[in-house]
Amino acid sequence: MTDFEQIIEFLRLYRRSEESAKNALPPTEVLLTPLHDGNAYNVNKNIFETDFNKYKRIFGLLNSHNAEAIYLLKTGGNNKYYVKTLTGKYFDLLEETTETIPDEWLIEFPIEFGTSSYIYDTVKNLVVIYSESLRAVTIFPDNIYYDPNGKYLKHLENDTYTYDYTDHVTTFGKIIKILFDDEQYLWNNPEKKVQVLKSEKEGRMTLIPFLQIEYGLKNFILKYRYYEKGYRPKFFLYDDECSIILKFTSIGGILTFLDQTLFSEGFSLEKGDNSNPQRDSFRDQFMNQVIHKIEDSIKSKSTLAYYDAMKTLFYLPESVAVMFNEDFLWKLMEMAVRRDSLTNKKDLAEENIFIKLIKIILQKEGQEVKLMNWFLETIKDGDKNISKFEFIYDRINGENFLEFAKLISQIWKKSRFIYPDTEKNPEFATTDGLLFLPYSSQKAFGFYFSNVSMSFDTHQQKGRLIKTLYDTGKTEIEMRPGLKTDNLVPTQVPIIDQFWYHPFYPIYLKDIENQETEMKLDSVVPAFMLKANRDKQFWSNVITSAEYVADILTTVSGVGNIGKFRYLAKFAAKAEKLRFVSKAGRAVANVRKAVAATAAVVEITSGTVNTLLKLSGARDASWGKSLSEYLFWLELLSLSGELSVAIHNGLRKSAKEILEHEDDIRKSAKNADEASEIDEALEQMKHEGGSGGYSKVVTTNEKEVKAFEELEKKFLNKTIENPFENVNEILPLLNHISLKSEIIQISRTNCGNTAKVLVDFFKTGKIIRAEASAMQDITDVATKFKKGNFIPATLPRMKEILEEGQIVVIYGVTKIQTYVNKKGIKIGQSIEGHYFVGIKKNNELHLFDGQTGEDAIFKNTDKFAEFIGSKYNKRYTSKEGGGFSYIIVND
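So the number in our numbering is just where the residue sits in the sequence shown, counting from 1, plus 109.
Structural data, given as structure tokens:
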């Protein structure tokens, strides 16, 4: 670690928390951390807990003096610790005597933990903090002891250092500078210099700096102030008030440093509910001197302002860059297109920054729709009118091209464009391409061969689209000149179909899992993704040609006919063997839910999917198209992971059409087994499923309804012994009733109530139904049980800490909605989730959902995966507030 890296390490906001967490102690030792320097050490646990002369407990002295701080006096290498008395004198914590000492001689350490955490090690003559208390504190205070000769700072002098960070200049730009400008550029870059000024005075200092940026003078300064109790931030800070001053020579240096010491350490620019003057002052400084300064500069629309804005964006982490307002970000997008300079230049990685700009915009609420519509706006490119999407597509290269294509594909999955209907998307009226495309792509001898080629082109009547040539795999006879004669001879030629696709039109790629592609393609993709893959494969082939041209010539001469290569692009199997749903899609489908004709949600199990796949062989029947469309929407659901309105409508429409031909479908069965499978598939399409609050019990099946009625008579409103042994049988009763010839669900938003009646059943054995209700807040549900608050934890952790027979109510977060104001500042957040119940029996964690009628054991099984998949949204991390929390509800 270089000398300058040492100061980064010293100033990292959460370094001490990390160091504390790493100190995993053996059971025979405890960790003590000296008050003034943080150099922790281990001591024998038994001695620590019994020898109170050696490890003096001083909490009584601290409490009796109402101490708010401990004061250190260093005299001739000796430490003396005091608290301040009510008379203004100082009480010696070791000798227990009172002295009069000038305030300026003392170093103040605020008491920031419970007084029982402070111990006097009389042998080492140190006041220390007992680590057991530290483990309960996730965040250390923003103040730290400063010793210019301490562990991290002792080799640092008042001097100028090189700060080696990743800058906005491309590798190509660095090479050009070295070759043509300055050969010393790599080790003597003036923009990577930092002047360090270090005070010789020890004391407490703050880790939150004072920010001072003067762009015209190229002053980029951070000042770290000595700690002062009750300090109120000022507009100016004198150098003699500071322990450390850092003077950077560029905006990149200071922003990278702040990222390494603050932003990547969890520091947020958003102000919380509780005022923190020290942090809020820095937030204001940063917003005014960086965010708002750059926002204002871009109003001039000058090239220099654009350059400075993009350069600043390069150095800011996305979590900070989202503080820019939406108007500013969209102005940058427009300027980038208008300037037509989206390539990585020698002095600015503009292409990289543009991709980052899109990501930042997408972190703003509700920007996906705006971005997709913006891409479709038309601009002039030479003599052509093209969309902004095509304009950008043609100018992004390399890894950025892959990132761009994947990014827009992810947005597309959540947009209206996943729906091929021209009523919803009139832009698709010009598309005449296949929705279900038998795409084939293979790789041989290092080359890709596919049956589809695509290019942006202008159709005379339809406008700018993706022109698609599709090799059908069939041939026809044409009269063409022969190889050795000019006479026309019968010649076998391939049949090539031509289509026109809108770039965002959805294409269902049959059997994609068995194709070899340069880019990973889902089963349902926007048309541009297929073109992107084709373009990547083209350049892969170019590179392969350059590397292996000699080998290829030899291979071709050995094969004898280059047409043999082309044959590799044909279908490997006949059309009737192609699968409509990929293996990955079928696996995900086990826990995905779709919408049937009744507008209820149905569960699509692997058995249903397999039956539908068999029926897909009859796609020439009157209901075959609807079945294919149903599988298309099911596949899209498995890929997107969200039941959007578009997917909902698509599934409902196609399912309704399928069920209109129910009798014909049943007649298509070839034997009794297949008839049974078809019955099950059709019945499941009428069921409500188990996604979130949706039921697993609802049905109109006569046998199932009758069995449920018998269950009601046997158990409802009765008290039974051994609740755990009977819970699986009675579970459907808690949130369902039989009505005429069907079973219906009482509510799909009352999971707080169903958790309560299920817990009461485990405790008392009494079976009662839950009341219908709206979604309930986590604090309201916690109040029902009067056992404290929900505690965040993973399921493995719950299983580990629960004792035999303990019951928990578990809350899984399914949706987090963040609200920001016009300036992009977070102003609120709402969280939705689902409650279910767990109980530890026989060293297993058994899980029950009284709302849906589901149960599972926490194990690596398909049943557990299906159960848990709908109880939380795995996209939300615990840091965002996602995951699980629990409350133990029995003694």
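The beta carbon of each residue, even a glycine, is placed where N, CA and C say it ideally should be.
Query, Result
"Nearest residue (CA-CA) to G475, options N453, S524, A514", "S524"
"Pair within 8 Å by beta-carbon distance, L842 and L867", "no"
"Euclidean distance between Cα positions of L249 and R125", "Note on residue identity: the sequence assigns Phe, not Leu, to residue 249. Answer to the nearest angstrom: the Cα atoms are 7 Å apart."
"Residues of its chain near F537, where Cβ-Cβ distance is below 7 Å and the 5 sequence neighbours each way are ignored", "P529, T531, H611, Y614"
"Rounded separation between I156 and L181 - CA only", "26 Å"
"Bridge partner(s) assigned by DSSP for W609", "K576"
"C-alpha gap between F565 and I317, whole angstroms", "53 Å"
"Burial state of G375 (16 or more Cβ within 10 Å)", "exposed"
"Presumed contact (8 Å Cβ cut-off) between I520 and M481, rounded CB distance", "6 Å"
"Proximity to E311 [Cα-Cα], best of R334, I322, I996", "R334"
"Nearest candidate by alpha-carbon position, reference K165, set N172, N234, I787", "N234"
"Rounded straight-line distance, which links the Cα of T584 to that of L677", "In this prediction, L677 has a pLDDT of 23, which is less than 50 and means its spatial position is unreliable; nothing more can be read from the coordinates."
"I330 beta carbon less than 8 Å from that of K307", "no"
"D580 classed as buried or exposed, judged by whether at least 16 other C-beta atoms fall within 10 angstroms", "buried"
"For E830, three-class secondary structure by DSSP", "coil"
"Assumed close pair L346, F319 - CB separation to whole angstroms, cut-off 8 Å", "5 Å"
"Member of D449, E404, L451, Y190 whose CA lies at the smallest distance from the CA of L438", "E404"
"Cα-Cα separation between V807 and P547, rounded to whole angstroms", "38 Å"
"Unbroken stretches of the alpha helix (DSSP H), 4 residues or longer, contained in the region 328-416", "360-370, 386-395, 401-406"
"CB-CB length for Q472 against E427, believed under 8 Å", "6 Å"
"DSSP bridge partner residues for M314 (one or two, in chain order)", "I253, Y335"
"Expected contact under 8 Å - CB spacing of T269 and V303 to nearest Å", "7 Å"
"Assumed close pair F558, Q551 - CB separation to whole angstroms, cut-off 8 Å", "5 Å"
"Three-state class that DSSP yields for A883 in the structure shown", "coil"
"Same chain, Cβ closer than 7 Å to A445, neighbours up to 5 away in sequence not counted", "L451, F463"
"Cβ contact (3+ pairs, closer than 8 Å) linking the region 917-929 and the region 972-990", "yes"
"Residues of its chain near F973, where Cβ-Cβ distance is below 7 Å and the 5 sequence neighbours each way are ignored", "A965, I966, F967"
"Residue range of the unbroken alpha helix (DSSP H) whose run includes Y502", "497-502"
"Extent of the continuous beta strand (DSSP E) run through E963", "963-966"
"Complete beta strand (DSSP E) runs within the region 861-934 (minimum length 3 residues, chain order)", "916-929"
"8 Å Cβ shell around E851 - same chain, five flanking residues per side excluded", "V807, T808, T809, V814"
"CA nearest to the CA of I495, picked from K571, I400, P219, D456", "K571"
"Residues that N494 bridges to, as DSSP identifies them", "K489"
"Inter-residue Cα distance where the pair is N267 and E208", "37 Å"
"Alpha-carbon spacing of L170 relative to D1000, whole angstroms", "38 Å"
"Close beta carbons around G63, own chain, < 6 Å, minus the five adjacent residues each side", "The structure shown has nothing for residue 63, since the chain only spans 110 to 1000."
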